[in-house]
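Residue numbers (full-length UniProt numbering): 1 to 242.
Even for Gly, the Cβ is constructed at its ideal location relative to N, Cα and C.
Heads up: the structure comes next, in C-alpha cells.
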C-alpha cells in the first residue's frame with residue numbers, strides 16, 4: 001500500500017525522529033511511504049484559539065495536498081483529530097461546502113489506528129528491552145477513541161516490560177495554548193502526571209503525541225529522574241537496544 005505521511009508542524013520543527021520512525025516502521029511492514037512536500041500546519045492551533053479564517057485557509061491547503069491519498073497516516077492524535085473532528089465544524093463556520101466535501105474525502109488515521117484497524121497487525125517486529133509506561137493523550141483518548149490500540153502494540157514488542165500508569169486518563173496539562181494561558185494550573189497538572197510516571201519505575205514514558213511528551217519531558221528533566229520520553233512510533237520502529 002502507498003501511504004501518505006502527514007507530519008505535525010510541531011514534530012517537524014522539534015521531533016523529526018518521529019517522522020523518520022514512522023517511515024522506517026511502515027517500510028519494514030512492506031508499504032511505500034510518500035511524504036508530500038509543502039506540508040505546513042493542519043490549522044488546529046488556529047482553530048482552537050479563535051483564528052478561524054486562518055484555520056480555514058490551512059485546512060484547504062491540507063485537504064488539497066492529501067486529496068486522493070488512499071491512506072494518510074499521522075503520528076499525532078492531535079492532528080488526526082483536527083482533520084476528522086474539527087474540519088467539518090470549521091467548514092460550517094466558514095460556510096464553505098467545498099471544504100466540507102474535501103474534508104470528508106480525506107482518509108486520515110492516527111498511527112496506531114492505521115496499524116491495528118487498517119493493516120490488522122499488532123506485532124510489528126519491534127524489539128525494545130526497557131520498562132515502559134504509556135500516557136494516553138486527551139486527543140487520542142477523548143476525540144479519536146483509540147482505546148487500547150497503543151497498549152496492544154506495546155504488549156507485542158519483544159523485550160518490553162509494560163507497566164500501567166496510575167491515573168492514566170488525567171490530562172498532562174499541556175493543551176496547547178492552555179499551558180501558556182493557565183500556566184499555574186498546567187504546572188500543577190504535569191506535576192501530578194510526572195509523579196505517577198516516576199511511581200511506575202519506568203525507564204521510558206511514551207505517547208502518541210509529542211506535544212504531551214514535550215510537556216512531560218520538560219518536567220521530568222527538571223527532576224533529573226532519568227526517565228526518557230519517546231513517541232510510540234520510535235519504540236515500534238526499534239529493532240535493538242536504544
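Tell me the residue span of the beta strand (DSSP E) that contains residue 3.
Position 3 of the chain shown holds residue 3. Following the DSSP letters along the chain, one finds residue 3 inside the beta strand (DSSP E) bounded by residues 2-5.
Given a threshold of 16 other Cβ atoms within 10 Å of its Cβ, counted over all protein chains shown, does residue 87 qualify as buried or as exposed?
Residue 87 sits at position 87 when you count from the first residue of the chain shown. By the beta-carbon neighbour count (other beta carbons within 10 angstroms, threshold 16), residue 87 is buried.
For residue 117, which of helix, strand or coil comes out of DSSP?
On the chain shown, position 117 is the one that residue 117 refers to. In this structure, DSSP gives residue 117 a helical state, which the three-state scheme calls helix.
Per the DSSP calculation, residue 67 is bridged to which residue(s)?
What you label residue 67 is simply residue 67 of the chain shown in a count that begins at 1. DSSP output for residue 67 lists no bridge partner at all.
Cα-Cα separation, residue 11 to residue 18
Taking the chain shown and counting its residues from 1, one reaches residue 11 at position 11. Taking the chain shown and counting its residues from 1, one reaches residue 18 at position 18. So the alpha carbons of these two residues sit roughly 7 Å apart.
Rounded to the nearest angstrom, what separates residue 81 and residue 140 at their Cα positions?
If you number the chain shown from 1, residue 81 lands on position 81. If you number the chain shown from 1, residue 140 lands on position 140. Straight-line Cα distance between these residues: approximately 8 Å.
Roughly how far, in whole angstroms, is the beta-carbon of residue 235 from the beta-carbon of residue 132, given that I think they are within contact range, below 8 Å?
As a first step, residue 235 must be located in the chain shown, where it is residue number 235. As a first step, residue 132 must be located in the chain shown, where it is residue number 132. With a Cβ gap of about 7 Å, residue 235 and residue 132 count as contacting.
What residues match up with residue 162 in a beta bridge as DSSP calls it?
Along the chain shown, one-based indexing puts residue 162 at 162. Note: residue 162 sits in a beta bridge opposite 132.
Straight-line CA distance for residue 208 to residue 109?
Taking the chain shown and counting its residues from 1, the one referred to as residue 208 is at position 208. Taking the chain shown and counting its residues from 1, the one referred to as residue 109 is at position 109. Between residue 208 and residue 109, the C-alpha separation is close to 12 Å.
Buried versus exposed, by CB contacts within 10 Å (16 or more), residue 113:
The residue given as residue 113 occupies position 113 in the chain shown. Flag for residue 113 reads buried.
Segment limits, alpha helix (DSSP H) that includes residue 87
The sequence position of residue 87 within the chain shown is 87, counting from 1. Where residue 87 is concerned, the enclosing alpha helix (DSSP H) stretches over 87-94.
Quick check on DSSP: helix, strand or coil for residue 228?
For the purposes of this step, residue 228 is taken as residue 228 along the chain shown, with counting starting at 1. Note: residue 228 maps to strand in three-state DSSP.
If we ignore side chains and look at the alpha-carbon of each, how far apart do residue 172 and residue 136 end up?
As a first step, residue 172 is located in the chain shown; it is residue number 172 there, counting from the start. As a first step, residue 136 is located in the chain shown; it is residue number 136 there, counting from the start. Cα to Cα, the separation comes out at about 9 Å.
Reduced DSSP secondary structure (H/G/I, E/B, other) of residue 234:
Residue mapping note: residue 234 aligns to position 234 of the chain shown, counting from 1. Note: residue 234 maps to helix in three-state DSSP.
Under 6 Å Cβ to Cβ from residue 219, same chain only, skipping five residues before and after it: list those, please.
Walking along the chain shown from the start, residue 219 turns up at place 219. Apart from the 5 residues on each side of it in sequence, residue 219 sits with its Cβ closer than 6 Å to the Cβ of 190 and 194 in its chain, given in chain order.
Please identify the residue among 237, 239, 240 and 231 whose C-alpha is closest to the C-alpha of residue 8.
Within the chain shown, numbered from 1, the residue matching residue 8 stands at position 8. The closest CA to that of residue 8, considering only 237, 239, 240 and 231, is found on 231.
According to DSSP, residues forming a beta bridge with residue 207
Within the chain shown, residue 207 is the residue found at index 207, counting from 1. Its beta-bridge partners are 231.
Based on the DSSP secondary-structure assignment, which residues constitute the bridge partners of residue 110?
Here residue 110 refers to the residue found at position 110 when the chain shown is read from its first residue. For residue 110, which the question treats as bridged, DSSP gives the partners 74.
Hey, quick one: how far does the beta strand (DSSP E) through residue 33 stretch, first residue to last?
Counting from one through the chain shown, the residue named residue 33 turns up at place 33. For residue 33, the enclosing beta strand (DSSP E) starts and ends at 32-34.
Evaluate contact between the region 112-127 and the region 149-161, counting only Cβ atoms and requiring at least three cross-stretch pairs below 8 Å.
These segments touch.
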